[in-house]
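Chains as they are written, first to last, in the numbering used here: chain A, 6 to 396; chain B, 4 to 480; chain C, 206 to 500; chain D, 4 to 282. All C-beta atoms, glycine included, are put in the ideal place defined by N, C-alpha and C. As the structure is a prediction and not an experimental result, all values here were calculated from the model.
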Amino acid sequence: MRKWIALALALMLLLPAFALGEEVAGEIVIGIYEPASGPNGAGGKQETLGIYYANSVQPTVELSSGVYKIKLVEVDNQSSNDKAPTAAQTLVSEGSSIVLGSYGSGVSIAASGIFDEAGVVAIAISATNPQVTIGNPLYYRICYLDPFQGTVLASYAMDEFAAKKAYTLAQLGNDYDVGLAHFFTEAFKAKGGEVTGETFPLGTSDFTAYLINAVNGGAEVIFAPTSTEFASQIITQAAANGITVPIMAGDTWDSSVILEAAKGTDLSVSVSTFFDEGDTSSLAAEFVSGFKAWLNANPEKLANNGGNDIVAAVTALGYDGYMVALEALKLADSAERDDIADIMADVTYEGVTGAIVFGENGDAVRDQAFIKRTNNEDATWVFVKVQGITE
Amino acid sequence: MKAFKLSIAFLLALAAATLLFFSFQAKDSLPQLLERMDPHQAALQDAQMQKARDRVLDSFAEGNRERTLRNLDRYTGGFSDSLVMDSRTGFELFFYENGPSLSALGMFLLVAATALTGLVFSRQGKWRRAALPVVLIAALYAGVYILENMVGGSSMLMTVLKKGAIYALVAVSMNLLNGFTGLFSLGQAGFMLIGAYIFAIFTIPVESRPQVYQYYAGGLIQFEMPTLVAMVLAGLGAAFFAWLIGLPVLRLKSDYLAIATLGFAEIIRAVFQYDGLGPITNGSNLLRRFPTFQTALFPFAVAGVSIALIALLIHSTYGRSFKAIRDDEVAAEAMGINLYRHKQMAFVISSFFAGIGGALLAMYQTTVQAAAFTSAMTYEILLIVVIGGMGSLSGSVMASFLFVAASEWWLRFLDNETMMGSFRVPLLRSGFRMVAFSVVIMVVVLFYRQGIMGDRELSIARLTRWLGRRGKGGRDG
Amino acid sequence: MTDFISANLPYLLAGISVGGQYALIAIGYTMVYGILRLINFAHGDIFTVAAYVMLYASASLPLYLSLPMTIAFTVFLGFAVERAAYKPLRNAPRMSIMISAIGVSYLLQNLMWYVTGGLARQYPTLPWISSTVSIYTATTKMVTLVTPVLTLVLVVALVQLINHTKVGMAMRAVSKDFETSKLMGIKINAVISVTFIIGSFLAAVGSMLYFSNYTAVTPTSGAMPGLKAFVAAVFGGIGSIPGAVIGAFIIGIAENIIKALGLTTFSDAFTFALLIIILIFKPTGLFGEPVHEKV
Amino acid sequence: MAERVLELQHVTMQFGGVVAVDNLSMHIDQGEIVALIGPNGAGKTTAFNCITGVYVPTAGQVRYQGQVIVSAQPQGKMKALYAGSYKDFPSQRVTSTPDAITKLGVARTFQNIRLFKTQTAFENVLIATHLHRSSNLFTAALRLNHREEKQLREHALKMLEAVGLMDEKDELATSLPYGKQRRLEIARALATNPKLLLLDEPAAGMNPQETDALGQFIQEVRERFDLTIFLIEHHMDLVMDISERIYVIDFGRQIATGLPQEIQDNPDVVTAYLGVEEE
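Structure (structure tokens):
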């Protein structure tokens with residue numbers, strides 16, 4: 006096998022003639038490790054869209070030994086831990102120099118052992134569970150963590166809605182939901198608030214009972230950090246049952262599904278996320294317009310985004326993730342996995358979702374989150390403010 | 004004739020001894036080897052070379068054989084011109100790189116030699132018949148170990164073989180229930196979950212418990228067990244739950260039993276995810292950092308032993324009474340077989356091995372989360388049993404390797420949009436792999452109801468007959 | 206007293222509404238089981254396909270066209286599944302038919318993933334049903350009231366069909382004794398097809414009601430209601446249609462009561478526990494009649 | 004007086020309104036061959052099923068070697084509906100599963116052959132030896148019981164030899180010709196070392212020569228294995244030839260009993276079978 010890789014690398018070096026157009030010294034493989042089916046499939050696809058768009062914007066990287074074409078190899082981990090090892094192993098065997106993904110912390114952690122053994126650096130794009138990077142030296146992350154996001158939302162709930170009693174709703178068995186709800190509860194209680202929490206089993210569609218429990222419990226804010234499928238059930242049923250209490254959630258709710266569900270209702274739905282479409286900085290605006298054009302040009306990609314061209318936060322993060330990978334390749338000035346591993350810690354990149362600098366454990370140092378509210382008339386996001394942790 | 008066999012046996016033993024001696028000797032000779040390869044210290048001038056060499060020595064000190072070999076390969080390949088490679092160092096380098104495979108080969112030759120001598124001296128038929136299977140099994144295990152060292156422990160082939168071995172054990176345990184006793188149970192994922200959790204809970208090292216049980220202050224259980232003990236405990240735990248749920252459920256007719264066991268698996272999943280049990284099961288969060296196996300031999304060995312036990316059971320008087328219950332319950336009862344007790348035995352044993360399979364899957368995944376053990380996993384295993392052939396152990400084993408390789412390796416290309424020149428191959432986009440796979444399963448379920456082996460076992464006699472028939476063009480069949 | 210009612214009225218309404226939707230699915234299970242002794246695992250997925258077809262159809266067609274088209278498509282799908290996956294196994298052992306049902310469910314779910322991309326889609330708002338209405342102090346959708354009424358109407362119509370028409374009599378005969386009805390010249394395949402057609406029709410209607418109440422459609426959103434509807438069918442006495450309906454309402458209301466009591470984590474687990482308890486004490490369910498094994 | 008092997012007292016079996024077996028009382032002594040005859044649907048097989056525990060009778064008692072193995076009173080719905088003529092019911096209720104009764108030494112064959120279809124003839128008989136095993140699950144699986152295993156296999160072979168099926172022992176049970184399948188079922192029943200053998204229409208579908216051979220075989224088996232035999236049969240010449248006593252039932256009720264000769268010219272039996280002549 007080792008001889009085989011050596012041979013493949015040698016072959017790649019002798020391939021200038023086959024490259025398209027400009028002089029290319031060969032190909033560097035970047036692995037995409039995302040769920041395309043299973044409960045997280047929808048979010049995974051939107052993240053992958055960001056990566057493919059970034060590839061269309063920047064298909065090559067220039068190293069001292071020449072310009073290399075980036076080859077994306079995508080694999081579906083079906084958002085389940087027992088499929089993770091073979092999916093991760095496929096990327097390693099395909100010769101990925103660096104891997105992007107995965108949406109969902111569980112599958113990322115499940116694959117960390119395989120990436121570590123093969124010496125491949127992996128960049129978690131939107132997996133916010135702290136355990137993804139703790140104890141996994143080669144796993145880096147460009148989004149903020151649950152502890153940060155939970156506390157930010159708790160501060161926002163108190164500052165914005167002056168809520169004293171909160172109700173959290175999380176999906177039983179989903180470590181993202183339960184983790185975020187836990188940190189929100191801790192932060193909210195630390196600030197003198199009162200929290201009652203409930204969990205619902207996978208496959209639930211009827212949330213009326215939960216919403217009514219919240220209202221009967223006198224909650225002034227409902228915090229439901231669930232996946233998009235349950236989010237739209239919660240929103241439509243909250244509207245149907247005339248719930249007036251404001252609803253809040255984490256980054257998973259930053260998607261067109263929520264806008265569509267909230268359209269025409271008088272619900273107040275606010276979300277903390279990594280990126281805001283309305284962000285007027287040139288970098289973000291250019292990305293948004295470019296991505297929308299690219300998306301509308303391809304009906305299949307439009308379908309993967311839920312049939313509309315609203316930019317999900319994970320798409321923006323996917324874009325930044327790809328660019329960070331290119332930065333790493335440039336800094337290491339080689340496609341060798343060990344070289345990239347050595348320099349990864351000091352890669353920095355001014356991304357669409359803000360400055361990315363890696364702190365301890367390989368987590369990006371992020372100290373503020375965008376807070377957005379839904380505009381229910383024309384189903385768009387309204388930028389509220391950038392929220393840090395207020396003591 | 005006897006002398007000839009003995010001399011061959013002796014030769015085999017001799018070869019084995021030399022192989023074992025040299026590979027053992029080369030085991031930790033790498034530092035001296037590097038010195039000898041670079042007599043006039045070329046590394047000191049060339050920083051690049053020095054860095055590559057240090058990397059080799061670091062990973063060697065770390066004991067990570069996989070990475071050491073990779074760095075060594077790059078070092079010898081990249082700087083071959085400034086290294087001196089005389090025959091002796093070349094020989095030692097060869098033995099260092101292929102040490103484990105050669106020692107495995109040595110072990111196999113040793114087994115073959117003993118089998119041969121045993122054959123010559125033994126009288127009873129039983130030993131003579133056992134010689135060939137023993138050698139074949141030794142060849143299989145040595146082959147897996149050699150393959151692993153040749154291809155690299157974390158290659159695609161080995162990952163699929165590891166998962167294949169684990170699914171083989173679980174498929175055989177489900178076949179014992181559905182295929183041999185005629186009990187249609189859909190609770191296999193639930194018992195795997197119990198096994199995986201019990202194994203993980205009792206083997207997480209105490210020092211990493213605070214980090215794993217982050218929301219539950221380090222968790223309730225503050226001790227750890229050796230791996231094998233925990234695996235047996237995992238099986239016993241699953242068996243206990245099987246006995247418990249068996250009390251009410253085993254008297255039910257086949258399709259009610261299916262739904263009741265399916266319901267049981269859902270209940271178990273909800274219980275293990277319950278926040279209240281967090282200090283023990285870590286609620287909805289992951290369990291990780293428990294010991295995992297480094298070589299593919301471990302799952303192959305555990306699965307091998309378990310499947311052998313199940314095979315022994317099936318060919319015993321109890322196995323025959325299970326098959327009687329499958330064929331005709333009324334007649335079996337009339338022949339004095341207590342239906343309830345025998346069904347309970349089959350159910351508990353099958354769950355015991357499903358628990359061990361769950362523990363192996365936990366080690367394979369390096370993480371355990373109840374969310375993964377859904378009814379979809381039970382359906383997957385059931386389909387493996389059907390493809391292999393209900394009532395055939397060798398069928399289930401073959402089918403699980405085929406199933407895992409096909410669904411998670413060979414058919415993956417169906418998910419990626421491939422371009423033939425400028426023409427985009429239609430249909431190929433993410434999700435198509437699973438569609439193609441489920442169509443294949445429907446075809447098997449509908450038209451090849453017997454599956455690969457039907458209810459026949461793969462025996463050496465049948466294999467030679469089959470190969471013979473292929474050779475003669477299969478005329479006289 | 207009144208605040209007790211106003212606090213619990215919403216739970217009751219939700220229970221009745223979801224109970225009615227389960228009933229429409231459960232009838233499909235009970236009829237197919239009564240005739241073929243088969244748990245039609247794919248029934249829940251046909252229910253989801255109906256939702257997707259409605260979603261895609263109403264995107265381009267006006268409502269009065271997309272509604273009938275959806276029902277027609279679902280009925281055809283139910284018929285096709287029976288002819289393709291169950292007819293070849295007519296005299297195969299019971300286990301292989303059930304495995305074929307699991308295979309069809311596996312295939313349908315993967316197909317939906319492939320075609321729709323898996324992102325949750327919003328079910329179109331049917332004009333009259335999904336407008337909100339308030340009863341006493343609770344506000345809910347019109348569908349919560351329409352469902353029980355429509356369910357009862359459909360059930361009564363179905364019971365009339367079963368008891369007072371030739372096809373109905375044939376179905377009852379086949380469910381009593383498969384072999385002898387074949388000997389009596391009843392065209393078994395036709396009767397089975399009719400059963401699947403009726404089952405799929407009710408599933409299509411059920412999916413319209415269900416998804417106008419819970420409007421997010423994903424490839425697996427039909428799996429859990431399907432399983433719960435089967436539990437209801439067994440609970441009411443598999444094979445008996447009134448049993449399935451009453452079982453469905455009981456399960457729907459019980460589920461919501463458990464959530465009201467705060468044991469939300471175990472709401473699904475409780476339904477399965479209920480099933481196991483029923484199977485032990487009264488294996489034939491509330492209204493089922495015991496089946497004697499001839500020796 | 005020979006020791007009483009089997010005794011039925013007022014056994015009644017009622018399905019809803021239909022009384023299949025009505026107040027049947029009879030006995031069989033050690034070493035006897037007793038036949039139970041009657042027109043189709045008279046309740047013969049139902050009586051068998053009450054004795055072997057497949058059905059729990061609505062009322063009545065079955066004693067085997069003096070020990071009560073089945074005793075029942077009308078329960079629930081049956082109490083009101085009870086149409087059987089026997090009134091004062093035995094006090095305690097005893098039920099035992101078919102396998103418990105077989106362990107006591109009551110073996111049976113079935114009217115429609117119920118052989119284990121995926122097993123060979125030898126395996127079919129070997130399964131019947133399972134109930135005499137002393138090894139538990141682990142000793143059996145780990146082959147620690149090889150002595151016992153050898154005994155069971157020899158016992159099974161002996162049974163096959165007794166019924167003359169040695170050369171078909173490795174054939175699939177269901178691929179054997181009809182007559183041989185019947186004999187295999189008898190061999191399987193014998194393998195459970197019974198004291199009382201219940202044969203349910205063993206000669207069904209056999210031609211006269213085969214029926215004759217079967218008759219000798221049954222008598223020889225009784226001698227060789229010191230058995231008591233209780234026989235349901237329609238072939239009158241077989242019944243008359245080998246049975247010491249005969250019970251005749253019609254519509255579940257016993258209408259005659261006695262020696263073969265008496266039964267042959269008993270008018271009630273003739274009308275039960277042939278119906279009343281047209282005047």
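When the Cα of residue i is compared with those of the options, which residue comes out closest?
{"i": "E198/B", "options": "I310/B, F25/B, A314/B, L363/B", "result": "Note that residue 198/B is Gly in the sequence shown, not Glu. Out of I310/B, F25/B, A314/B, L363/B, L363/B has the C-alpha closest to the C-alpha of G198/B."}
{"i": "I384/B", "options": "Y367/B, A233/B, A373/B, S410/B", "result": "S410/B"}
{"i": "F7/B", "options": "L122/B, F24/B, H43/B", "result": "L122/B"}
{"i": "V443/B", "options": "T71/B, F183/B, F416/B, F406/B", "result": "F406/B"}
{"i": "P77/D", "options": "R66/D, G69/D, L140/D, P60/D", "result": "P60/D"}
{"i": "D258/B", "options": "V258/C, L217/C, I304/C", "result": "I304/C"}
{"i": "I263/A", "options": "T379/A, L322/A, G31/A", "result": "T379/A"}
{"i": "F2/B", "options": "F82/B, T421/B, G454/B, S26/B", "result": "Nothing about residue 2/B can be read from this structure; chain B reaches only from 4 to 480."}
{"i": "L217/C", "options": "N461/C, T253/C, D208/C, I391/C", "result": "N461/C"}
Given that a residue counts as buried once 16 or more other Cβ atoms are within 10 Å of its Cβ, and exposed if not, what is residue i?
{"i": "Q264/D", "result": "exposed"}
{"i": "W333/C", "result": "exposed"}
{"i": "F24/B", "result": "exposed"}
{"i": "P215/C", "result": "buried"}
{"i": "F18/D", "result": "exposed"}
{"i": "I463/B", "result": "exposed"}
{"i": "Y311/C", "result": "buried"}
{"i": "S378/B", "result": "buried"}
{"i": "I482/C", "result": "exposed"}
{"i": "H238/D", "result": "buried"}
{"i": "I221/C", "result": "buried"}
{"i": "A362/C", "result": "exposed"}
{"i": "W318/C", "result": "buried"}
Rounded to whole angstroms, how far is the Cβ of residue i from the Cβ of residue j, which I believe are closer than 8 Å?
{"i": "V183/A", "j": "N152/B", "result": "That belief does not hold up - the Cβ atoms of V183/A and N152/B are roughly 42 Å apart, past 8 Å."}
{"i": "E282/A", "j": "V316/A", "result": "5 Å"}
{"i": "T337/C", "j": "A245/A", "result": "6 Å"}
{"i": "L479/C", "j": "A459/C", "result": "7 Å"}
{"i": "A373/B", "j": "L196/B", "result": "6 Å"}
Pull up the DSSP beta-bridge partners for residue i, would you.
{"i": "M29/D", "result": "L11/D"}
{"i": "D203/D", "result": "I235/D"}
{"i": "G161/C", "result": "Any question about residue 161/C goes unanswered here, given that chain C covers just 206 to 500."}
{"i": "K76/A", "result": "V34/A"}
{"i": "G261/D", "result": "I249/D"}
(request) With 7 Å as the C-beta to C-beta threshold (strictly closer), list the residues of the stretch 179-211 of chain B near chain A in chain order. (result) So the list is empty, because no residue satisfies the distance condition.
(message) Taking beta-carbon pairs under 9 Å, can you tell me which members of the stretch 122-152 of chain A lie near chain B?
(response) Residues of the stretch 122-152 of chain A with a C-beta atom less than 9 Å from some C-beta of chain B are E122, A123, G124, N134, P135, Q136, I139, G140, listed in chain order.
(message) At a CB distance below 8 Å, what residues from the stretch 418-440 of chain B approach chain A? Give them in sequence order.
(response) Going along the stretch 418-440 of chain B in chain order, one finds D418, N419, R432, S433, G434, R436, M437 with a Cβ nearer than 8 Å to chain A.
(request) With 8 Å as the C-beta to C-beta threshold (strictly closer), list the residues of the stretch 116-146 of chain D near chain B in chain order. (result) The residues in question are R117, L118, F119, K120, T121, Q122, E126, L129, I130, A131, T132, H133, L134, R136, S138, L140, A143, A144, L145, R146.
(message) By the 7 Å beta-carbon criterion, what residues does the stretch 243-255 of chain B contribute toward chain C?
(response) Those residues of the stretch 243-255 of chain B that come within reach of chain C (Cβ to Cβ, closer than 7 Å) are P251, V252, L255.
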